[in-house]
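**Student:** Before we start, here is the structure in question, set down as structure tokens.
Protein chains: 2
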Amino acid sequence: MNFSKTEYGNRLANIKRSMQEKGIDLLISQDTSNINYITGYDAWSFYYAQCALIHVDLDEPLLFVREQDAGGAFLQNVWSQENILVYNEKYIHTWPTHPYDRLIEIIKERGWDKLSIGLEMDSHYFTAYSYKKLVDGLPEATLKDAERCVNWVRYIKSDAEIDLMKAASLISVEAMNTAIETINPGIRQCDAVGEIQKAMFYGTSDFGGEYSSIATLLPTGKGTSASHLTATQERFVKGEATIIELAGVYKRYHAPIARTVLLGKAEQKKIDAMKATNEALNEGLDAIKPGNTANDVAQKFWSVLDKYEIKKESRTGYSIGIGYPPDWGEHTLNIYKGDMTELQPNVTFHMIAVMQFGSWGVEASHSVRVTDKGFEKFIDFPSDLFIKD
Amino acid sequence: MNFSKTEYGNRLANIKRSMQEKGIDLLISQDTSNINYITGYDAWSFYYAQCALIHVDLDEPLLFVREQDAGGAFLQNVWSQENILVYNEKYIHTWPTHPYDRLIEIIKERGWDKLSIGLEMDSHYFTAYSYKKLVDGLPEATLKDAERCVNWVRYIKSDAEIDLMKAASLISVEAMNTAIETINPGIRQCDAVGEIQKAMFYGTSDFGGEYSSIATLLPTGKGTSASHLTATQERFVKGEATIIELAGVYKRYHAPIARTVLLGKAEQKKIDAMKATNEALNEGLDAIKPGNTANDVAQKFWSVLDKYEIKKESRTGYSIGIGYPPDWGEHTLNIYKGDMTELQPNVTFHMIAVMQFGSWGVEASHSVRVTDKGFEKFIDFPSDLFIKD
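Here it is as structure tokens:
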């Protein structure tokens, strides 16, 4: 168990409070990170339907998993084993039969089919098919969007969670050092990722690493104009820039970091862009303190870009913590002009500047924690352009 | 471009034919693998809404992506650049605003809002929220499940695709050899995965590897009773078994393989279980030929298990090819009793036996191609229990 039973109890109590505020009696949580947060369950079984069920009047959540994955659930669920509900393999890959057919039966068996049921409507693995099953199968229930209520409970971290993120940060440093050392002209991109991945899993002697919820992003050359490209077997080219975005992971907690390496002599425009980017990031970071909002941070960040007449459309940060593919963002805090979400102590986020200039780009980022009076960086790592001439 | 323009044209023609059979005028394909198959686009941008649109009367598909990812789309889309439709960042993380709001506008602008529109209802990233946007935003359209029609076109591979899977297989061999060498008593699980990942990305001198759409699965000890557990920082223990499931990947094509290693003296029951498993796999494989069905293969496989009075609930195979997280299965062929899908030349699948016996388990698998008269294995690798005494 990664956390005390008390901590899991606190999480559940906070989620129930939010459910009550929203008028939700029963929550169906399909978000993989939420399931982990609620039950401790951690396995790559999220490619099939699974969920945690929270009823406001029950002392424990239920965990609904595929029969083949029951073994893992029994090993990891922090709650009573009788609250693991296993569905048979006959529901797998046999449309129109579907695991949610069994879920609907369970809901009916327990007399919950007339309740107000909260759904994670835009959660990655809560498919349209699952939703339609519920709409058709529970005609007397009131189905409503839970609006990421579990994610919002995750928004403020416990000190125990912060410790795991600090461990993840040590792994991020190992991986980024490896990346910067390894990326050289003539080296295949995939080979560099091989070294980076090795560093991410070896982690440190105290903290072994895990798979990241986003692959190592490694746009290079013209690809730096796009932020989500991954490595190919092409070789790094002298004179070109490469962006590295990765996250060390410890017990599913992520500490992302993005940096830019330039092989050979740097063009002045790239040096200038990187300098302006770091100035903007620092200006934004300085606005971090409890009571300030995402908008405050964004305004400061963009004020620097405006000064240099740099245009940037994309947002510049999001909350982080537990992550599973395809995303390490928590879908709560959004560092963007107009987002009035308030910062609070132990809010953690990835402040990232993806800067695109037509056919090229640069990036830098900081994973940070809001402290009582300001902020601290999880990772102490230079954010200048790494020029390898 | 990984394939000729002719091949992409053939794919599109086949998909349109299937759409017409199903009475679909416009297909919204959100499945990441399908998008890659249709357009060539390959980036880790699938954590936000994106899709390919195919209209039966248009010569080219449209690609709908986030503005931040437009650079990657312009580099990779094999069709005309004007058919890339970019949505603004204001739709990102600003519920109830949503990228599908823009998609609905586009559909209306083109006068497509009264058509019969096919949706990939149970595709991982086609969320309930996206679906509800379409239901509410296109009241005059007829929305229907496309029933994996693109996946079914992918079911039969071209020879060019088979070549990529053969390249992926060479990478699988490197990775599995590394796994079996590295897993030893006292070694941390995460460190073994570090070596495995390195091997997967280095691949061979001709074929550099890529990230796999499922993390290296590495259940060990009691964990072998569950099939989807990943590595921790705990150390391998003498006397315990470890299951390794991984896939070499080349240009997004996967060649999965599962094997079981036992450290120390093997208990006879595990040797016997592995032997029976391999006998069942071989019996199933021998039933592979064009005209036979998934059911034929499954019946043969289970007949051996029945002989040994071994019970197994879970299916024993699925089609493979392109993969993105969270899955490398194609969601078409299902090797399970009662699945009457017919095998045809160049159908490719992962025949896998996940064998669970209460507190322990073993696994083995073969990635295979259906040939004109039978089958061939992609990977030539012993499937016995690897006993390291």
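Protein chains in written order, with our numbering: chain L, 1 to 389; chain P, 390 to 778.
Backbone N, C-alpha and C fix where the C-beta goes; we use that ideal spot for every residue, glycine too.
Suppose contacts are defined by Cβ-Cβ distances below 8 angstroms. Is P:Ile427 in contact with P:Asn735 by that definition?
**Tutor:** The answer is no: Cβ separation not under 8 angstroms.
**Student:** Tell me which residues share the same chain as P:Ala676 and place their Cβ nearer than 7 angstroms to its Cβ, disregarding the 5 neighbours each side in the sequence.
**Tutor:** Asp685, Val686, Lys689
**Student:** Looking only at its own chain, which residues have a Cβ that is under 6 angstroms from the Cβ of L:Tyr8, when we skip the five neighbours before and after it?
**Tutor:** Val78
**Student:** When DSSP labels each residue in this structure, what does P:Ser708 get in the three-state scheme?
**Tutor:** strand
**Student:** Measuring CB atoms only, is the segment 70-88 of chain L touching the segment 152-171 of chain L, in the sense that at least three cross pairs come out at less than 8 angstroms?
**Tutor:** no
**Student:** Taking Cβ-Cβ distances shorter than 8 angstroms, what residues in chain L pair up with P:Met510?
**Tutor:** What P:Met510 touches in chain L: Thr127, Ala128, Tyr129, Lys132.
**Student:** Got a sec: which bits of the segment 573-592 of chain P sit with their beta carbon under 8 angstroms from any beta carbon on chain L, in order along the chain?
**Tutor:** Arg577, Gln578, Cys579, Asp580, Val582, Gly583, Glu584, Gln586, Lys587, Ala588, Met589, Phe590, Tyr591, Gly592
**Student:** Count the other C-beta atoms from every protein chain shown that fall within 10 angstroms of the C-beta of L:Thr242, then say buried if there are 16 or more, exposed otherwise.
**Tutor:** buried
**Student:** For P:Gly763, which residues of its own chain have a beta-carbon under 7 angstroms away from its beta-carbon, when the five flanking residues on both sides are left out?
**Tutor:** Ile677, Lys678
**Student:** Report the residues of the segment 170-185 of chain L with a CB closer than 7 angstroms to any CB of chain P, ordered along the chain.
**Tutor:** none
**Student:** Could you name the residues of the segment 616-627 of chain P whose beta carbon sits closer than 8 angstroms to any beta carbon of chain L, in the order they occur along the chain?
**Tutor:** Ser616, His617, Leu618, Thr619, Ala620, Thr621, Gln622
**Student:** Ignore the nearest five residues each way along the sequence and tell me which others in L:Gln76's own chain have a CB closer than 8 angstroms to its CB.
**Tutor:** Thr39, Gly40, Tyr41, Asp42, Ala43, listed in sequence order.
**Student:** When DSSP builds the beta bridges, which residues end up paired with L:Asp327?
**Tutor:** L:Tyr324
**Student:** Can you list, in chain order, the residues of its chain with a C-beta nearer than 7 angstroms to that of P:Ala564? Leave out the 5 residues immediately preceding and following it.
**Tutor:** Cβ within range, chain order: Ile585, Ala588, Met589, Leu635, Gly637.
**Student:** Measure from the alpha carbon of L:Glu391 to the alpha carbon of each residue in L:Leu262, L:Glu234, L:Ile352, then state which is nearest.
**Tutor:** Limits of chain L in this structure are 1 at one end and 389 at the other, which puts residue 391 of chain L out of reach.
**Student:** Indicate whether L:Ser319 and L:Thr332 have their beta-carbon atoms separated by less than 8 angstroms.
**Tutor:** yes
**Student:** So, under 8 angstroms CB-CB, L:Ile24 and L:Ala146 are touching, yes? Tell me the CB distance rounded to an integer number of Å.
**Tutor:** About 6 angstroms; that satisfies the 8 angstroms criterion.
**Student:** Is there a Cβ from chain P that is less than 8 angstroms from the Cβ of L:Lys269?
**Tutor:** no
**Student:** Contact between the segment 593-600 of chain P and the segment 557-575 of chain P: three or more CB pairs below 8 angstroms?
**Tutor:** yes
**Student:** If distances are taken between C-alpha atoms only, which option among P:Val650, P:Phe515, P:Asp695, P:Ala644 comes closest to P:Gly706?
**Tutor:** Taking each of P:Val650, P:Phe515, P:Asp695, P:Ala644 in turn and checking the Cα distance to P:Gly706, the smallest one comes out for P:Ala644.
**Student:** Would you kindly report the start and end of the unbroken beta strand (DSSP E) that includes L:Phe301?
**Tutor:** Not the beta strand (DSSP E): L:Phe301 falls in the alpha helix (DSSP H), residues 294-307.
**Student:** Mind checking P:Arg577: buried by the 16 CB within 10 Å criterion, or exposed?
**Tutor:** buried
**Student:** Cβ of L:Ala128 within 8 angstroms of Cβ of P:Ala517?
**Tutor:** yes
**Student:** For P:Ala753, which three-state DSSP category applies?
**Tutor:** strand
**Student:** By DSSP's criteria, P:Pro645 is part of a beta bridge. Which residues make up the other side?
**Tutor:** P:Ala636
**Student:** Are there 16 or more other CB atoms within 10 angstroms of the CB of P:Trp691, so buried, or fewer, so exposed?
**Tutor:** With a threshold of 16 other beta carbon atoms within 10 Å, P:Trp691 meets it and is buried.
**Student:** Would you mind giving the Cβ-Cβ distance between L:Asn334 and L:Val150, rounded to the nearest angstrom? I have them listed as a contact below 8 angstroms.
**Tutor:** Contact between L:Asn334 and L:Val150 is ruled out by a C-beta separation of about 17 angstroms, above the 8 angstroms threshold.
**Student:** Strictly by DSSP, which residues pair up with P:Ile473?
**Tutor:** P:Leu452
**Student:** Restricting to Cα atoms, I'd like to know which of L:Ser116, L:Trp360, L:Asp122 is closest to L:Thr260.
**Tutor:** In terms of Cα proximity to L:Thr260, the closest of L:Ser116, L:Trp360, L:Asp122 is L:Trp360.
**Student:** Is the segment 499-506 of chain P touching the segment 399-414 of chain P, taking contact as three or more C-beta pairs under 8 angstroms?
**Tutor:** Yes: at least three Cβ pairs fall under 8 angstroms.
**Student:** Judging by CA-CA distance, which residue of P:Lys533, P:Lys640, P:Asp695, P:Gln439 is the nearest neighbour of P:Met390?
**Tutor:** P:Lys640
**Student:** So, helix, strand or coil for L:Lys337, using DSSP?
**Tutor:** coil
**Student:** For P:Ala604, which residues in chain L fall below 7 angstroms Cβ to Cβ?
**Tutor:** Trp44, Tyr211
**Student:** Should P:Gln745 go down as buried or exposed, given a rule of 16 or more other Cβ atoms within 10 Å for buried?
**Tutor:** buried
**Student:** Could you tell me which residues DSSP pairs with P:Glu731 in its beta bridges?
**Tutor:** P:Thr682
**Student:** Could you tell me how far apart the beta carbons of P:Ile481 and P:Tyr437 are, in whole angstroms, since I believe they sit closer than 8 angstroms?
**Tutor:** 6 angstroms
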